[in-house]
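Taking it in order: structure first as structure tokens, then the write-up.
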Amino acid sequence: MTTILNADTDALSFGKLAKDLRKDSRSVKNRVQSVFHDSEHVKRVSESFNLPLVANERCGRWYIEPKDIAESVYFKSTDGHTNVHSFSTRRLNLHLLDFVKANGGAVIVDSTRRGKPIPDALSKTIPQWCRVINLAVFGSDAPPLTTSPIIVGKSEHYEIEKKVDGWVEDFVRTGVDIEKLKKTLDKPVKPIWITPKDVLHTEPPVYSDFYPLVLCTASEMVQDGTDRRNGYIYVQGAADDHEEWAEKLTPALLWTHKDVLSDMSKTDSELLDYVNSLEDVNEKEDSVVVIEPTALCFGTSENLASFDGIISVGKEAPKHDKTFHKALGEGKKGAKELRTALEPISKFYKENGLVGNKVLVTADSDDLSICIVLTLFCQRLSDDGLCT
């Protein structure tokens with residue numbers, strides 16, 4: 463009987479502990495304190511290599527003060543998952559090549575939750591991308607595939623290498639201008655991994671044979687994903703899946719209100735109330751990107767009258783004579799909802815005579831806006847790849 467009682471007690475204790483861990487990991491206070499802590503490491507890495515910071519969307523953006531974000535990229539961890547390694551022709555990130563040439567390299571920032579010291583996007587997806595780009599540009603002179611030695615074993619490395627030639631063929635089939643890339647890239651790109659456990663350089667290193675892509679993991683790897691610190695519980699990969707804990711908080715709001723949000727004296731409920739009272743600073747700024755040679759635009763603007771039509775998938779419906787509005791969710795939910803929204807958006811674009819006219823696509827997330835703009839742009843391409 464005693465053994466049964468002890469077993470029941472242990473089970474209850476374990477259940478309570480697991481519940482407490484989940485609660486701690488979703489605490490706004492713990493999350494923002496963890497992000498601010500990790501951001502200091504990110505800043506030190508940038509200074510150590512004397513290279514600009516690039517956010518790997520969406521997680522990486524949280525760890526960099528907006529004024530310090532020099533560029534952004536989108537490399538997905540799923541492209542580096544074991545046994546399903548892939549090269550995405552939808553996320554070529556070719557703008558990064560011009561950036562690294564202009565700056566001598568880059569520090570790409572991302573993070574991951576418990577269980578891994580480095581996210582798959584950094585340990586495998588970007589190294590795979592480097593190998594494809596280098597082979598396409600330099601051919602047999604390209605350096606070999608380089609993967610993270612602490613994450614990727616010899617067997618997995620070999621499996622990736624076997625797929626590379628096929629990925630290069632896929633890359634070339636996209637119609638990318640290889641000759642233009644050869645003029646852009648005068649030496650290969652090569653990954654270098656940095657985690658919070660690594661010792662940083664006291665003087666910026668010089669790389670003469672390649673452009674360094676410093677793949678910076680922002681968060682420390684801790685047991686069970688959390689670790690008690692002075693005044694808060696540290697959460698590994700605190701910014702990951704922000705829709706689960708951040709409420710209305712965005713990276714821009716986080717850094718705009720850092721003084722309040724980093725106040726250790728405030729309780730979790732006080733911080734949550736404060737976050738929910740905020741207005742997204744991005745909504746108040748005019749920031750419009752025009753896609754040449756079309757008149758398609760995405761971003762935010764107070765001067766809606768200057769556009770011939772508005773396509774909005776944000777929370778609020780804009781006031782304009784020609785408006786399509788459908789509020790989509792955030793994160794993965796929004797991405798799924800977008801798939802069903804694209805058809806009526808395309809219909810609105812065509813039936814209202816907006817093809818070729820100045821149209822603003824606006825959303826609460828740039829990811830959604832860009833997907834819509836790309837969809838409308840592709841509909842205007844002829845069989846010869848020309849914009850009609």
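Sequence positions in the sequence shown follow this note's numbering and run 463 to 850. The C-beta atom is built at its ideal place from N, Cα and C for all residues, glycine as well.
Self-check item: Candidates 732, 500, 804, of which the one nearest residue 787 by Cα
Solution: Counting from one through the sequence shown, the residue named residue 787 turns up at place 325. Out of 732, 500, 804, 804 has the C-alpha closest to the C-alpha of residue 787.
Quiz item: Just the Cα atoms here: how many angstroms apart are residue 835 and residue 829?
Solution: Along the sequence shown, one-based indexing puts residue 835 at 373. Along the sequence shown, one-based indexing puts residue 829 at 367. Looking at the two C-alpha atoms, the distance is approximately 10 Å.
Quiz item: Mind pulling the alpha helix (DSSP H) runs of 4 or more residues that sit fully within the stretch 551-582?
Solution: 557-565
Practice problem: Check whether the stretch 817-827 touches the stretch 754-765, counting contact only when three or more Cβ pairs, one atom from each stretch, lie closer than 8 Å. | Solution: yes
Quiz item: Alpha carbon to alpha carbon, what distance is there between residue 840 and residue 643?
Solution: Along the sequence shown, one-based indexing puts residue 643 at 181. Along the sequence shown, one-based indexing puts residue 840 at 378. Cα to Cα, residue 643 sits roughly 22 Å from residue 840.
Quiz prompt | Neighbourhood of residue 494 by C-beta, 6 Å cutoff - its chain only, sequence neighbours within 5 removed | solution = Sequence index remark: in the sequence shown, residue 494 carries index 32 (1-based). So the list reads 723, once near-sequence residues are dropped.
Practice problem: Pick helix, strand or coil for residue 653, following the three-state DSSP scheme. | Solution: Translated into positions along the sequence shown, residue 653 becomes position 191. Note: residue 653 maps to strand in three-state DSSP.
Exercise. Report yes or no: do the stretch 673-690 and the stretch 621-639 share at least 3 C-beta pairs separated by less than 8 Å?
Key: no
Quiz item: What does DSSP give as the partner residues of residue 771 in its beta bridges?
Solution: Counted from its first residue, the sequence shown places residue 771 at position 309. According to DSSP, residue 771 bridges with 821.
Self-check item: Per DSSP, the bridge partner or partners of residue 801
Solution: Walking along the sequence shown from the start, residue 801 turns up at place 339. Residue pairing by DSSP places residue 801 in no beta bridge whatsoever.
Self-check item: Spatial distance of residue 755 from residue 781 (CA atoms)
Solution: To locate residue 755, count along the sequence shown from 1; it is residue 293. To locate residue 781, count along the sequence shown from 1; it is residue 319. Looking at the two C-alpha atoms, the distance is approximately 27 Å.
Self-check item: Distance between residue 793 and residue 784 (C-alpha atoms, nearest Å)
Solution: Looking up residue 784 in the sequence shown gives position 322. Looking up residue 793 in the sequence shown gives position 331. When rounded, the distance between both Cα atoms is 27 Å.
Quiz prompt | Where residue 689 falls: helix, strand or coil (DSSP) | solution = Counted from its first residue, the sequence shown places residue 689 at position 227. Note: residue 689 maps to strand in three-state DSSP.
Quiz item: Rounded to a whole number of angstroms, what is the C-alpha to C-alpha distance between residue 602 and residue 660?
Solution: To locate residue 602, count along the sequence shown from 1; it is residue 140. To locate residue 660, count along the sequence shown from 1; it is residue 198. Taking the straight line from one Cα to the other gives about 33 Å.
Quiz item: To the nearest angstrom, how far is it from the Cα of residue 658 to the Cα of residue 810?
Solution: Numbered from its first residue, the sequence shown carries residue 658 at position 196. Numbered from its first residue, the sequence shown carries residue 810 at position 348. Near 49 Å, if we compare the C-alpha coordinates of residue 810 and residue 658.
Practice problem: Grab me the residues of residue 548's own chain with a C-beta within less than 7 Å of its C-beta, minus the 5 sequence neighbours each way, in chain order. | Solution: Counting from 1 along the sequence shown, the entry for residue 548 is found at position 86. Here the set comprises 541.
Quiz prompt | Beta-carbon spacing of residue 513, residue 566 below 9 Å | solution = By one-based count along the sequence shown, residue 513 stands at place 51. By one-based count along the sequence shown, residue 566 stands at place 104. Contact: yes.
Quiz prompt | Rounded separation between residue 767 and residue 715 - CA only | solution = Here residue 767 corresponds to residue number 305 of the sequence shown, with the count starting at 1. Here residue 715 corresponds to residue number 253 of the sequence shown, with the count starting at 1. The alpha-carbon atoms of residue 767 and residue 715 are separated by roughly 28 Å.
Practice problem: Buried or exposed for residue 482, please, with buried defined as at least 16 other CB atoms from any protein chain shown within 10 angstroms of its CB. | Solution: The residue you call residue 482 lines up with position 20 of the sequence shown. Here residue 482 scores only 47 on pLDDT, less than 50, and its place in the model should not be relied on; the value that follows carries that caveat. Looking at its Cβ environment, which holds fewer than 16 other Cβ atoms inside 10 Å, residue 482 is exposed.
Quiz item: Who are the Cβ neighbours of residue 827 in its own chain at under 7 Å, not counting the five residues just before and after it?
Solution: Along the sequence shown, read from residue 1 onward, the residue named residue 827 stands at position 365. Residues of the same chain with a CB within less than 7 Å of the CB of residue 827, apart from the 5 flanking positions on each side, are 792, 796 in chain order.
Quiz item: Apart from the five residues just before and just after residue 608, which ones in its own chain have a Cβ nearer than 8 Å to its Cβ?
Solution: Sequence index remark: in the sequence shown, residue 608 carries index 146 (1-based). Only residues of its own chain outside the window of five on either side were considered, and among them 589, 592, 593, 652, 653 have a CB closer than 8 Å to the CB of residue 608, listed in chain order.
Practice problem: Evaluate residue 478 with the Cβ neighbour count: other Cβ atoms within 10 Å of its Cβ, from every protein chain shown; 16 or more gives buried, anything less gives exposed. | Solution: Along the sequence shown, read from residue 1 onward, the residue named residue 478 stands at position 16. Note on residue 478: pLDDT 45, under 50, position unreliable in the model; the coordinate value appears next. The residue is exposed, with fewer than 16 neighbouring Cβ atoms inside 10 Å.
Practice problem: Return the first residue and the last residue of the alpha helix (DSSP H) that residue 628 is part of. | Solution: As a first step, residue 628 is located in the sequence shown; it is residue number 166 there, counting from the start. First-last of the alpha helix (DSSP H) with residue 628: 616-635.
Quiz prompt | Status (buried if at least 16 other CB within 10 Å, exposed otherwise) for residue 523 | solution = Mapped onto the sequence shown, residue 523 falls at position 61. So residue 523 ends up on the buried side.
Quiz item: Are the beta-carbon atoms of residue 515 and residue 530 separated by less than 9 Å?
Solution: Working through the sequence shown from its first residue, we reach residue 515 at position 53. Working through the sequence shown from its first residue, we reach residue 530 at position 68. Yes, the pair counts as a contact, with Cβ atoms nearer than the cut-off.
Practice problem: Tell me residue 811's beta-bridge partners as DSSP assigns them. | Solution: For the purposes of this step, residue 811 is taken as the residue at position 349 of the sequence shown. DSSP lists no partner for residue 811.
Practice problem: Over the uninterrupted beta strand (DSSP E) stretch that includes residue 498, give me the two end residues. | Solution: On the sequence shown, residue 498 is found 36 positions in, with the first residue counted as 1. No beta strand (DSSP E) holds residue 498; the alpha helix (DSSP H) holding it covers 490-511.
Exercise. Check residue 595 in the structure and name its three-state DSSP category.
Key: Numbered from its first residue, the sequence shown carries residue 595 at position 133. Three-state DSSP puts residue 595 in a helix.
Quiz item: Does the pairing of the stretch 683-692 with the stretch 572-579 give three or more beta-carbon distances under 8 Å?
Solution: yes
Quiz item: For residue 801, does the count of other Cβ atoms within 10 angstroms reach 16, so buried, or fall short, so exposed?
Solution: Along the sequence shown, one-based indexing puts residue 801 at 339. Exposed, because fewer than 16 other Cβ atoms sit within 10 Å of the Cβ of residue 801.
Exercise. State buried or exposed for residue 581, treating a residue as buried only when at least 16 other CB atoms are found within 10 Å of its CB.
Key: Here residue 581 corresponds to residue number 119 of the sequence shown, with the count starting at 1. With 16 or more Cβ atoms within 10 Å of its Cβ, residue 581 is classed as buried.
Quiz item: When the distance is taken between beta carbons, is residue 664 closer than 9 Å to residue 510?
Solution: Position 48 of the sequence shown, counted from the first residue, corresponds to residue 510. Position 202 of the sequence shown, counted from the first residue, corresponds to residue 664. Taking 9 Å as the Cβ cut-off, residue 510 and residue 664 qualify as a contacting pair.
Quiz item: Relative to the alpha-carbon of residue 525, which residue among 623, 702, 537 has its alpha-carbon at the smallest distance?
Solution: To locate residue 525, count along the sequence shown from 1; it is residue 63. Cα-wise, what sits closest to residue 525 is 702.
Exercise. Could you tell me if residue 635 is buried or exposed, where buried requires 16 or more neighbouring beta carbons within 10 angstroms of its beta carbon?
Key: By 1-based counting over the sequence shown, the position of residue 635 is 173. Exposed, since its Cβ has fewer than 16 Cβ neighbours within 10 Å.
Quiz prompt | CB-CB length for residue 598 against residue 570, believed under 8 Å | solution = As a position in the sequence shown, residue 598 is number 136, starting the count at 1. As a position in the sequence shown, residue 570 is number 108, starting the count at 1. Approximately 20 Å separates the beta-carbon atoms of residue 598 and residue 570; this is outside 8 Å, ruling out the contact.
Practice problem: Please name the residue, chosen from 638, 700, 637, that lies closest to residue 491 on a Cα-to-Cα basis. | Solution: Stepping through the sequence shown from its first residue, residue 491 is reached at position 29. Residue 700 is the option with its Cα nearest to residue 491.
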